[in-house]
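Q: Protein chains in written order, with our numbering: chain A, 109 to 221; chain B, 12 to 123. Sharing a structure below in structure tokens format, with a few things to ask.
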Amino acid sequence: QKEVEQNSGPLSVPEGAIASLNCTYSDRGSQSFFWYRQYSGKSPELIMSIYSNGDKEDGRFTAQLNKASQYVSLLIRDSQPSDSATYLCAVRSSGGSNYKLTFGKGTLLTVNP
Amino acid sequence: DTAVSQTPKYLVTQMGNDKSIKCEQNLGHDTMYWYKQDSKKFLKIMFSYNNKELIINETVPNRFSPKSPDKAHLNLHINSLELGDSAVYFCASSQTGYSPLHFGNGTRLTVT
Numbered sequence: 109q110k111e112v113e114q115n116s117g118p119l120s121v122p123e124g125a126i127a128s129l130n131c132t133y134s135d136r137g138s139q140s141f142f143w144y145r146q147y148s149g150k151s152p153e154l155i156m157s158i159y160s161n162g163d164k165e166d167g168r169f170t171a172q173l174n175k176a177s178q179y180v181s182l183l184i185r186d187s188q189p190s191d192s193a194t195y196l197c198a199v200r201s202s203g204g205s206n207y208k209l210t211f212g213k214g215t216l217l218t219v220n221p
Numbered sequence: 012d013t014a015v016s017q018t019p020k021y022l023v024t025q026m027g028n029d030k031s032i033k034c035e036q037n038l039g040h041d042t043m044y045w046y047k048q049d050s051k052k053f054l055k056i057m058f059s060y061n062n063k064e065l066i067i068n069e070t071v072p073n074r075f076s077p078k079s080p081d082k083a084h085l086n087l088h089i090n091s092l093e094l095g096d097s098a099v100y101f102c103a104s105s106q107t108g109y110s111p112l113h114f115g116n117g118t119r120l121t122v123t
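In structure tokens, the structure reads:
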């Protein structure tokens with residue numbers, strides 16, 4: 109069973125701080141990694157995708173990937189109350205099941221004004 | 012110009028009934044999916060279709076039957092509904108099997 113693990117939180121940070129969200133995965137052959145944000149009662153929306161080792165930055169968001177450690181993280185700089193949501197890590201399986209995107213159980217982030 | 016649209020948004024029904032959820036995408040994507048999100052917010056894949064062909068069929072009861080009349084549509088029919096089927100069902104699409112998913116707004120199914 110290929111798994112994606114996240115700390116369920118809740119993670120609480122003050123406004124303006126850096127929020128750090130972590131994710132580990134079990135399928136060593138995975139090639140595609142995604143972070144989704146889901147507000148309560150809404151559908152998941154894509155924030156970041158990352159495919160190679162290292163950092164990828166997009167505005168206040170930075171995704172970090174370390175395939176050797178099977179670890180992917182999301183940093184949110186200058187956190188805003190509007191960032192309060194559940195963040196889902198998703199990993200694309202390798203091989204014949206590469207149409208399968210497996211999600212972690214999500215980390216609930218609360219940014220306090 | 013909604014990219015992935017599902018109907019209905021809410022579905023309340025009694026145990027034993029049969030119901031369908033429809034999904035359409037206008038993104039020109041080749042791959043479509045059904046995901047189930049339970050009360051603990053865990054998002055789990057049910058089915059994946061690529062160009063109308065079933066690619067992934069997870070361990071889902073036979074009461075659930077997807078149908079893809081063309082690559083822009085993926086419907087989900089559920090027979091003999093049970094209490095445990097209550098959840099939010101999300102349709103999604105992706106350009107290829109490697110691309111990120113774009114989700115519909117979800118269908119909240121409540122079985123009483």
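All residues carry an ideal CB built from backbone N, CA and C; glycine is no exception. The structure displayed is predicted, hence computed values, not measured ones.
Which ranges would you report for the beta strand (DSSP E) in the region 158-214 of chain A if only whole runs of at least 3 residues count?
A: Within the region 158-214 of chain A, the complete beta strand (DSSP E) runs of at least 3 residues are 162-166, 169-174, 179-184, 193-200, 209-211.
Q: Helix or strand or just coil, what does DSSP make of leucine 94/B?
A: Locating residue 94/B in the second sequence gives position 83, where the first residue counts as 1. Of the three classes helix, strand and coil, the one that applies to leucine 94/B here is helix, per DSSP.
Q: Which one or two residues does DSSP pair with threonine 218/A in a beta bridge?
A: Taking the first residue of the first sequence as position 1, residue 218/A is located at position 110. Paired residues: Ser120/A.
Q: Please confirm whether isoleucine 32/B has its beta-carbon closer than 8 angstroms to some beta-carbon of chain A.
A: Against the second sequence, residue 32/B aligns to sequence position 21. Chain A, which has no Cβ nearer than 8 angstroms to the Cβ of isoleucine 32/B, makes this no.
Q: Need the endpoints of the beta strand (DSSP E) that histidine 40/B sits in, please.
A: To locate residue 40/B, count along the second sequence from 1; it is residue 29. First-last for histidine 40/B: undefined, no H or E at that position.
Q: State yes or no: is the C-beta of cysteine 34/B within less than 8 angstroms of the C-beta of asparagine 86/B?
A: Here residue 34/B refers to the residue found at position 23 when the second sequence is read from its first residue. Here residue 86/B refers to the residue found at position 75 when the second sequence is read from its first residue. Yes. Within cutoff.
Q: For proline 111/B, return the contacting residues in chain A, with the cut-off set at a CB-CB distance below 7 angstroms.
A: By one-based count along the second sequence, residue 111/B stands at place 100. Those are Phe142, Leu154, Ser157, listed as they occur along chain A.
Q: If the cut-off is 8 angstroms on Cβ atoms, which residues from the region 174-197 of chain A count as contacting chain B, listed in chain order?
A: Against chain B - using a Cβ distance shorter than 8 angstroms - the residues of the region 174-197 of chain A are Thr194, Leu196.
Q: Using the beta-carbon count (16 or more within 10 Å), is valine 180/A buried or exposed?
A: As a working note, residue 180/A is residue 72 in the first sequence. Its Cβ being crowded by 16 or more others within 10 Å, valine 180/A is buried.
Q: Go through its chain and collect everything with a Cβ distance to valine 23/B's Cβ below 6 angstroms, but skip five positions before and after it.
A: As a working mapping, residue 23/B is identified with position 12 in the second sequence. Excluding residues within five positions, the ones whose Cβ falls inside 6 angstroms are Thr121.
Q: Which residues mark the beginning and the end of the beta strand (DSSP E) in which valine 112/A is found?
A: Position 4 of the first sequence holds residue 112/A. Counting along the chain, the beta strand (DSSP E) containing valine 112/A begins and ends at 112-114.
Q: Anything in chain B within Cβ reach of serine 138/A, meaning under 8 angstroms, just list it in chain order.
A: On the first sequence, residue 138/A is found 30 positions in, with the first residue counted as 1. Within 8 angstroms Cβ-Cβ: nothing; serine 138/A doesn't reach chain B, min ~11 angstroms.
Q: Give the C-beta separation of leucine 182/A and tryptophan 143/A to the nearest angstrom, bearing in mind that I take them to be a contact with Cβ-Cβ under 8 angstroms.
A: Taking the first residue of the first sequence as position 1, residue 182/A is located at position 74. Taking the first residue of the first sequence as position 1, residue 143/A is located at position 35. Correct: roughly 5 angstroms between the Cβ atoms.
Q: Would you list, in sequence order, the uninterrupted beta strand (DSSP E) runs of no fewer than 3 residues that lie entirely inside the region 22-66 of chain B?
A: Those beta strand (DSSP E) runs which fall completely within the region 22-66 of chain B and span 3+ residues are 30-36, 42-48, 54-61.
Q: Whose C-beta lies closer than 6 angstroms to the C-beta of valine 199/A among residues of the same chain, with five residues either side of it excluded?
A: As a working mapping, residue 199/A is identified with position 91 in the first sequence. The answer, listed in chain order, is Val112, Tyr133, Ser138, Phe141, Thr210.
Q: Kindly say whether threonine 145/A, judged by its beta-carbon, lies nearer than 8 angstroms to any beta-carbon of chain B.
A: In the first sequence, residue 145/A corresponds to position 37, counting from 1. It is worth fixing the name first, because residue 145/A is arginine in this sequence and not threonine. For arginine 145/A, the answer is no, since every Cβ of chain B falls outside 8 angstroms of its Cβ.
Q: Tell me whether isoleucine 126/A is buried or exposed, calling it buried when 16 or more other Cβ atoms sit within 10 Å of its Cβ.
A: The count along the first sequence starts at 1 and reaches residue 126/A at position 18. Exposed.
Q: Which residues in the same chain have their Cβ closer than 6 angstroms to the Cβ of serine 76/B, if we skip the five residues on either side of it in sequence?
A: Here residue 76/B is taken as the residue at index 65 of the second sequence, counted from 1. If we look at serine 76/B and ignore the five residues flanking it on each side, its Cβ neighbours are His88.
Q: Counting only beta-carbon separations shorter than 8 angstroms, does leucine 54/B have a partner in chain A?
A: Working through the second sequence from its first residue, we reach residue 54/B at position 43. Leucine 54/B counts as touching chain A.
Q: Under the three-state reduction of DSSP, which class applies to histidine 14/B: helix, strand or coil?
A: Walking along the second sequence from the start, residue 14/B turns up at place 3. Rather than histidine, the amino acid found at residue 14/B in this sequence is alanine. In the structure shown, alanine 14/B sits in coil (DSSP, three-state: anything other than H, G, I, E or B).
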